[in-house]
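Asks:
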Amino acid sequence: RWLLHYTRLLFVSWVWNVSFSLALVYASAWLVVNIAPDAAGSGVPHLIAYLNGCDVPRLFDAKTMVIKYISAILAVSSGLAVGPEGPVLVVGGILAAQISQINHPFFRRFQNPTDKRNFVTAGAAVGVATAFSAPVGGLLFMFEELASFWQQSLGWQVFFACMVSVFTADTLHSGISALKEGTFGLFDDEASTVFFEVQTQLATHAMAMIPAAVVGLISGLAAIAFTVLNLRVTRLRSKLLKTKRARLLEPCVLIVVFTTVGTILPLFFPCLPTQCVIIQGESKPVCPEGTPPRIQRIVEDSIELYTCSREAATSEIPPDWDTDPSKSNITVPKSYNELATLVSVNGEDSIRHLLSRGTHREFGYAAILCFCVFYFVGAALAAGSAISSGVFVPMLLIGACIGRFVGLATVNIAAAYGAGSDGAPPGVFLAP
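Numbered according to the numbering used here, the sequence shown spans residues 5 to 436.
What follows is the structure, given as structure tokens:
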């Protein structure tokens with residue numbers, strides 16, 4: 005991003021991006037291929053097999069846990085279409101299994117298959133709870149998806165473990181925030197991942213069930229296509245990749261292709277004028293001076309310029325819109341690249357962009373569809389390669405693309421019948 009903004013050399017930024025990402029992926033794959041082959045993939049299917057009565061060799065080795073943890077960090081940092089949640093879940097299960105087998109008088113009572121399985125159940129639930137900052141989510145995920153052996157007492161113990169894990173994570177977040185603001189223990193704003201306040205009131209309508217059903221139908225078909233494509237890739241991988249060198253080379257080739265395509269695709273999309281920007285927490289959009297009276301597009305304040313002109317990129321917020329002194333340094337982008345806003349960030353930030361409220365015309369049909377296909381294929385190819393990675397974030401992101409596409413179509417259908425806010429063109433809905 006810095007190279008694009010200050011040198012205007014796309015080739016140099018591509019070389020830097022590919023080199024850095026390739027180094028991360030190579031390190032991630034090298035650890036898995038040469039040190040702990042069992043750390044490849046997410047490991048969730050192996051954990052499910054164990055919790056349902058199958059013996060999975062080397063699943064709970066400490067070496068597997070360490071390599072899976074490090075490899076997942078490197079793989080996600082590289083920019084591949086992968087996520088960390090699956091490995092984090094398995095690392096929690098392995099850590100719990102290791103704790104239950106500690107050779108100490110206090111732990112000897114747990115050194116039996118039943119208690120070890122219960123420890124693994126709690127550890128995996130803690131992994132989910134920590135990854136998504138959802139204590140109840142960790143409990144329900146294990147109860148509904150993974151575990152076959154369950155007791156009411158185990159449910160309370162798992163829930164308590166999830167609460168402690170999320171509290172611990174938030175305490176660490178608060179400690180990091182205290183280095184800047186000196187407010188250790190205050191769980192608010194960025195110092196917490198759980199405690200938040202929803203300030204936007206939303207009206208619902210019975211007709212919203214129709215587009216919701218359409219989203220579900222398309223997502224189900226996409227899930228079938230993803231599974232079929234990934235199974236074919238997996239069979240092809242088992243036939244062709246017989247040596248360690250071949251298994252190590254595959255994710256390296258994938259990241260080079262993925263990064264190159266992600267660099268080229270935004271060039272086919274023009275720089276769009278932003279007009280107005282909606283800042284999270286504000287009740288009305290920020291409009292720079294000279295904005296036309298009829299608003300066509302409202303965007304976020306974190307969109308990507310890519311190759312757009314940096315000189316005419318931003319303007320300071322007008323004083324009459326500056327309702328929060330702490331946000332006085334925010335600038336309003338004048339132009340942006342809609343596809344680069346989705347491609348040039350990590351998966352979680354892409355999801356946040358797609359879930360942003362009040363920005364229904366920030367991304368057009370072409371950008372959403374292009375990004376969805378690009379990420380869909382990248383995730384299907386990367387899943388199962390010789391790196392530690394999961395598919396939770398890709399699944400969420402692909403589903404968010406489908407929902408955004410259907411949502412935009414719904415807005416346009418409403419606009420065709422003249423719906424919209426007063427003082428705005430049909431189909432433009434301003435925050436109340």
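Ideal Cβ positions, reconstructed from N, Cα and C, are used throughout, including at glycine.
1) Just to check my reading of the structure: Gly96 and Val130 have Cβ atoms closer than 8 Å, yes? What is that Cβ distance to the nearest angstrom?
2) Starting from Arg251, follow the alpha helix (DSSP H) in both directions and report where the run begins and ends.
3) Can you tell me whether DSSP reads Tyr340 as helix, strand or coil?
4) Tell me the residue span of the alpha helix (DSSP H) that contains Phe15.
5) Quick one: what does DSSP say Cys58 is sitting in, helix, strand or coil?
6) Apart from the five residues on each side of it in sequence, which residues of its chain come closer than 7 Å, Cβ to Cβ, to Leu245?
7) Considering only the beta carbon of each residue, do Ile406 and Tyr379 sit closer than 9 Å?
8) Assign Pro109 to one of two classes, buried (16 or more other C-beta atoms within 10 Å of its C-beta) or exposed (fewer than that).
9) Consult DSSP for Leu150 and reduce its assignment to one of helix, strand or coil.
10) With Leu183 as the anchor, note down where its alpha helix (DSSP H) starts and where it stops.
11) Beta carbon of Leu158: closer than 8 Å to some heavy atom of the ligand COA?
12) Express the C-alpha separation of Ala101 and Leu276 in angstroms, rounding to a whole number.
13) Between which two residues does the alpha helix (DSSP H) carrying Asp353 extend?
14) If you drop the 5 nearest sequence neighbours on each side, which residues of the same chain put their C-beta closer than 6 Å to that of Arg408?
15) Taking only the alpha-carbon atoms, compute the straight-line gap between Leu8 and Thr311 and give it to the nearest angstrom.
16) When the distance is taken between beta carbons, is Thr68 closer than 9 Å to Ala40?
17) Going by the DSSP bridge assignment, what does Leu373 pair with across the sheet?
18) Determine which residues share a DSSP beta bridge with Gly87 and list them.
19) Within the same chain, show all residues whose beta-carbon is closer than 6 Å to that of Arg361, passing over the 5 residues directly before and after it, in chain order.
20) Which residues mark the beginning and the end of the alpha helix (DSSP H) in which Ile71 is found?
Replies: The short version:
1) On the sequence shown, residue 96 is found 92 positions in, with the first residue counted as 1. On the sequence shown, residue 130 is found 126 positions in, with the first residue counted as 1. Contact holds; Cβ gap of about 5 Å.
2) Here the question's residue 251 lines up with position 247 in the sequence shown. 248-268 is the span of the alpha helix (DSSP H), which, as asked, contains Arg251.
3) On the sequence shown, residue 340 is found 336 positions in, with the first residue counted as 1. Reduced to three states, the DSSP call for Tyr340 is strand.
4) Locating residue 15 in the sequence shown gives position 11, where the first residue counts as 1. Per DSSP, Phe15 belongs to the alpha helix (DSSP H) from 14-38.
5) On the sequence shown, residue 58 is found 54 positions in, with the first residue counted as 1. The answer is coil: DSSP assigns Cys58 none of H, G, I, E or B.
6) Position 241 of the sequence shown, counting from 1, holds the residue named residue 245. Only Arg251, Glu254 meet the Cβ criterion.
7) Along the sequence shown, read from residue 1 onward, the residue named residue 406 stands at position 402. Along the sequence shown, read from residue 1 onward, the residue named residue 379 stands at position 375. No. Outside cutoff.
8) Mapped onto the sequence shown, residue 109 falls at position 105. The Cβ neighbour count for Pro109, taken over all protein chains shown within 10 Å, is under 16; the residue is labelled exposed.
9) As a working note, residue 150 is residue 146 in the sequence shown. Here Leu150 sits in helix by DSSP.
10) In the sequence shown, residue 183 corresponds to position 179, counting from 1. 156-185 is the extent of the alpha helix (DSSP H) around Leu183.
11) The ligand COA is not part of this structure, which contains no ligands at all.
12) One-based indexing of the sequence shown puts residue 276 at position 272. One-based indexing of the sequence shown puts residue 101 at position 97. Using only the alpha carbons, I get a separation of about 53 Å.
13) One-based indexing of the sequence shown puts residue 353 at position 349. Asp353 -> alpha helix (DSSP H) spans 351-359.
14) Position 404 of the sequence shown, counted from the first residue, corresponds to residue 408. Sequence-distant Cβ neighbours of Arg408 in its own chain, meaning closer than 6 Å and more than five residues away, are Leu358, Ile372.
15) On the sequence shown, position 4 is the one that residue 8 refers to. On the sequence shown, position 307 is the one that residue 311 refers to. Their Cα atoms are separated by approximately 7 Å.
16) On the sequence shown, position 36 is the one that residue 40 refers to. On the sequence shown, position 64 is the one that residue 68 refers to. Yes, these two residues count as a Cβ contact at 9 Å.
17) By 1-based counting over the sequence shown, the position of residue 373 is 369. Looking at the DSSP assignment, Leu373 forms no beta bridge with any residue, so it has no partner.
18) The sequence position of residue 87 within the sequence shown is 83, counting from 1. DSSP, once it has assigned bridges, lists Gly394 as partnering Gly87.
19) For the purposes of this step, residue 361 is taken as the residue at position 357 of the sequence shown. Cβ neighbours of Arg361 beyond the five flanking positions: none.
20) Reading the sequence shown from its first residue, position 67 is the one you call residue 71. 66-82 is the span of the alpha helix (DSSP H), which, as asked, contains Ile71.
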